[in-house]
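S.K.:
Protein chains in written order, with the numbering used here: chain H, 543 to 859; chain R, 237 to 482.
(1) Could you tell me if residue 836 (chain H) is buried or exposed, where buried requires 16 or more neighbouring beta carbons within 10 angstroms of its beta carbon?
(2) For residue 401 (chain R) and chain H, any beta-carbon pair shorter than 8 Å?
(3) Could you compute how far the alpha carbon of residue 582 (chain H) sits from the alpha carbon of residue 826 (chain H)?
(4) What first and last residue would you give for the alpha helix (DSSP H) that runs through residue 553 (chain H)?
(5) Indicate whether at least one CB of chain H lies closer than 8 Å to the CB of residue 449 (chain R).
(6) Considering only residues of the region 602-688 of chain H, which uninterrupted alpha helix (DSSP H) runs meet the minimum length of 4 residues and lie entirely inside it, listed in chain order?
(7) Could you tell me which of H:723, H:774 and H:638 sits nearest to residue 688 (chain H), measuring between CA atoms?
(8) For residue 307 (chain R) and residue 295 (chain R), I'd like the C-alpha separation in whole angstroms.
(9) Kindly list, in the order they appear in chain H, the residues whose Cβ is closer than 9 Å to that of residue 291 (chain R).
(10) From what residue to what residue does the alpha helix (DSSP H) around residue 412 (chain R) run?
(11) State whether the region 431-451 of chain R contacts the region 274-293 of chain R, with contact taken as three or more CB pairs (one from each stretch) at a distance under 8 Å.
(12) Is it buried or exposed for residue 742 (chain H), if we count other Cβ within 10 angstroms and need 16 for buried?
(13) How many whole angstroms separate the CB atoms of residue 777 (chain H) and residue 675 (chain H), which I take to be in contact at a CB cut-off of 8 Å?
(14) Between which two residues does the beta strand (DSSP E) containing residue 719 (chain H) stretch?
(15) By DSSP's criteria, residue 272 (chain R) is part of a beta bridge. Which residues make up the other side?
(16) DSSP puts residue 806 (chain H) in a beta bridge; with which residues?
(17) Quick check: the Cα distance between residue 591 (chain H) and residue 655 (chain H), rounded to an integer number of angstroms?
(18) Apart from the five residues just before and just after residue 439 (chain R), which ones in its own chain have a Cβ nearer than 6 Å to its Cβ?
(19) Quick check on residue 777 (chain H) - is its C-beta less than 8 Å from some C-beta in chain R?
(20) Measuring alpha carbon to alpha carbon, tell me which of H:828, H:788 and H:796 ends up nearest residue 576 (chain H).
(21) Could you check the C-alpha separation between residue 393 (chain R) and residue 459 (chain R) for me, to the nearest Å?
(22) In whole angstroms, give me the CA-to-CA distance for residue 755 (chain H) and residue 302 (chain R).
(23) If the cut is a Cβ gap below 8 Å, which residues of chain H does residue 345 (chain R) touch?
(24) What is the residue span of the alpha helix (DSSP H) that residue 369 (chain R) lies within?
(25) Looking at the C-beta of residue 330 (chain R), does it have a partner C-beta in chain H at a distance below 8 Å?
(26) Helix, strand or coil for residue 596 (chain H)? Go by DSSP, reduced to three states.
(27) With which residues is residue 256 (chain R) paired in a DSSP beta bridge?
(28) Which residues of the region 779-796 of chain H have a Cβ closer than 7 Å to any Cβ of chain R? Give them in chain order.
(29) Would you mind telling me which residues of chain R sit closer than 7 Å to residue 758 (chain H), beta carbon to beta carbon, in chain order?
(30) Measure the Cβ-Cβ separation of residue 765 (chain H) and residue 322 (chain R) and say whether it is below 8 Å.
(31) If you measure from the beta carbon of residue 314 (chain R) to each beta carbon in chain H, is any gap under 8 Å?
(32) If you drop the 5 nearest sequence neighbours on each side, which residues of the same chain put their C-beta closer than 6 Å to that of residue 304 (chain R)?
(33) Would a check of beta-carbon distances place residue 342 (chain R) closer than 8 Å to chain H?
(34) What does DSSP give as the partner residues of residue 322 (chain R) in its beta bridges?
(35) Rounded C-beta distance between residue 647 (chain H) and residue 702 (chain H)? I'm assuming under 8 Å.
(36) Closer than 8 Å by beta-carbon distance: list the chain H residues that pair up with residue 317 (chain R), in chain order.
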């Protein structure tokens with residue numbers, strides 16, 4: 543048998559194992575008597591909800607089978623009212639509603655649902671903290687390799703403190719203490735906490751990348767009359783960048799995942815949005831699988847981009 | 237008589253652990269001279285050479301290179317290094333730049349030449365070392381001998397007053413040693429001031445104005461190559477020559 547065929551057989555085995563795992567999950571969910579209702583998820587991704595519809599009088603509710611229209615039968619008297627073509631229904635068959643209660647929402651403009659809005663906030667927080675973390679990481683990384691003892695000490699102190707404490711604790715300190723003192727919004731506090739946390743790890747990656755460039759490169763540059771800063775900028779950093787990229791990609795992906803912790807400070811990121819949807823729909827399985835998938839799309843796109851970048855750098859030698 | 241280009245007197249290098257790398261070594265090199273330094277490994281030849289452009293600091297004595305003291309704290313090493321070219325055993329070419337980039341970066345950034353001027357200078361030097369067709373290559377695409385010739389051209393692109401060679405052929409395959417020595421001979425014939433640490437005794441005999449023998453951080457003797465090789469004045473040197481010329 544040819545080696546490539548054997549390779550394909552192994553790949554096929556891996557696929558078979560994954561399919562078996564999926565089937566096992568499905569059977570397990572049948573055992574606990576869980577009714578999958580995937581059809582209710584899309585409205586939290588893309589929604590066309592418009593204004594709320596409220597009950598005009600106290601009444602009993604009849605919901606049509608298609609879950610799109612509601613009929614009200616007045617508690618007193620024989621008034622009836624019907625609402626058709628609703629985008630979402632917030633009441634159940636036989637419910638008793640009082641005047642002013644929300645029955646559901648009318649169709650409106652197409653827009654992001656709760657989960658997509660959460661994804662957007664996650665993306666926003668991750669991207670902004672990424673920029674600040676990179677800046678911080680490069681500056682502190684340079685401090686770590688600096689000949690100046692003060693710079694080296696401060697950089698080492700920062701890295702040790704941040705790496706030695708849990709992110710969740712840092713977020714609490716940032717939000718409740720520093721955020722209160724400096725009057726930061728939850729959004730700003732979240733970005734600062736994530737940037738400070740990730741910056742420490744990036745600093746170590748930058749330091750390792752710089753130290754991996756052979757000493758002869760610095761000597762050659764100095765012998766040609768380059769200043770320390772010029773040597774760093776023209777000789778060391780370009781060579782370090784290529785070594786830094788793969789671990790940096792891993793750190794970026796961690797950042798996106800860690801951003802789920804900002805949900806503790808009243809920010810509706812993807813994770814918090816997921817919790818909200820679960821509590822209003824009681825569909826934990828569907829919602830959390832969807833949320834996981836959405837994180838995967840983000841991190842997958844990022845690794846893909848970094849791999850492209852790596853190839854461009856590697857093409858030179 | 238003009239002052240020597242390199243004037244090192246009584247230089248001492250003591251490492252933090254207390255061992256002496258250099259013991260009161262003194263040496264002077266006049267303009268246009270070719271001085272070859274030989275000696276067993278660990279004798280301090282490379283250390284001595286590297287003190288001449290401040291890559292190695294010293295703990296005693298004084299060094300004046302091209303009129304500049306460099307044994308003081310805060311000496312203007314950058315300014316000095318523009319005038320002193322250095323060629324390393326491991327070439328130390330910049331792998332992320334093309335051959336042309338290696339030759340033009342320092343002239344542009346340090347001397348302030350325009351890109352066009354620097355490129356013109358670089359191409360002249362590349363044809364001088366026989367590598368005009370390799371300008372767009374990256375170092376990884378070159379052989380060891382070619383890399384070392386590029387490294388020589390890179391140092392020359394700064395138009396230095398003196399060139400330091402730190403075992404330039406030691407990391408090369410034997411058949412590539414010749415091409416590098418040829419370039420160095422040509423340089424010597426053009427009157428370049430050179431300090432060469434090497435194990436190539438043939439080169440020392442043919443090109444050197446003076447040969448220096450070092451052992452254990454000391455300069456033991458300093459002679460014209462004819463005397464050095466044919467009538468070695470020192471017992472330690474005799475043993476050394478017997479070993480290397482065997």
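For every residue, glycine included, the Cβ atom is placed at its ideal position computed from N, Cα and C.
Computed from a predicted model, the values in this text were never measured in an experiment.
M.R.: To lay it out plainly:
(1) Looking at its Cβ environment, which holds 16 or more other Cβ atoms inside 10 Å, residue 836 (chain H) is buried.
(2) No, its Cβ sits nowhere closer than 8 Å to a Cβ of chain H.
(3) So the two alpha carbons sit approximately 12 Å from each other.
(4) Residue 553 (chain H) -> alpha helix (DSSP H) spans 545-573.
(5) Residue-level contact by beta carbon fails for residue 449 (chain R) and chain H, as no gap is shorter than 8 Å.
(6) Unbroken alpha helix (DSSP H) stretches of 4 residues or longer found wholly inside the region 602-688 of chain H: 656-686, given in chain order.
(7) For the set H:723, H:774 and H:638, the Cα lying nearest the Cα of residue 688 (chain H) is the one of H:774.
(8) Whole-angstrom Cα-Cα distance: 8 Å.
(9) Neighbours of residue 291 (chain R) on chain H, chain order: 761, 764 and 765.
(10) In the DSSP assignment, residue 412 (chain R) falls within the unbroken alpha helix (DSSP H) covering 410-425.
(11) With a cut-off of 8 Å, the region 274-293 of chain R and the region 431-451 of chain R count as touching, because enough Cβ pairs lie within range.
(12) The residue is buried, with at least 16 neighbouring Cβ atoms inside 10 Å.
(13) That pair is no contact at about 25 Å.
(14) Counting along the chain, residue 719 (chain H) falls outside any beta strand (DSSP E), and DSSP gives it neither H nor E.
(15) DSSP lists R:432 and R:447 as partners of residue 272 (chain R).
(16) Residue 806 (chain H) pairs with nothing; no bridge assigned.
(17) Residue 591 (chain H) and residue 655 (chain H): Cα-Cα distance of roughly 9 Å.
(18) Answer for residue 439 (chain R): 417, listed in chain order.
(19) The C-beta of residue 777 (chain H) comes closer than 8 Å to at least one C-beta of chain R.
(20) When the alpha-carbon of residue 576 (chain H) is set against those of H:828, H:788 and H:796, the nearest one is in H:828.
(21) C-alpha of residue 393 (chain R) to C-alpha of residue 459 (chain R): approximately 31 Å in a straight line.
(22) Spanning the alpha carbons of residue 755 (chain H) and residue 302 (chain R) requires a straight line of approximately 31 Å.
(23) By Cβ distance, chain H contributes 768, 772 and 776.
(24) No alpha helix (DSSP H) holds residue 369 (chain R); DSSP gives it neither H nor E.
(25) Yes, because at least one Cβ of chain H sits closer than 8 Å to the Cβ of residue 330 (chain R).
(26) In the three-state reduction of the DSSP assignment, residue 596 (chain H) falls in the strand class, which pools E and B.
(27) For residue 256 (chain R), the beta-bridge partners assigned by DSSP are R:250.
(28) Of all residues in the region 779-796 of chain H, 780 and 781 have a Cβ within less than 7 Å of some Cβ in chain R.
(29) One finds 324, 326 and 328 in chain R with Cβ atoms closer than 7 Å to the Cβ of residue 758 (chain H), taken in chain order.
(30) Yes.
(31) Contact with chain H is found for residue 314 (chain R), since one of that chain's Cβ atoms lies less than 8 Å from the residue's Cβ.
(32) Counting only residues of its own chain and dropping the five nearest sequence neighbours on each side, residue 304 (chain R) has a CB closer than 6 Å to the CB of 316.
(33) Closer than 8 Å to some Cβ of chain H, the Cβ of residue 342 (chain R) qualifies, so yes.
(34) Paired residue(s): R:400.
(35) Going by Cβ atoms, the distance from residue 647 (chain H) to residue 702 (chain H) rounds to 52 Å, so no, they are not a contact pair.
(36) Chain-order list of chain H residues neighbouring residue 317 (chain R): 764, 765, 766 and 767, by C-beta distance under 8 Å.
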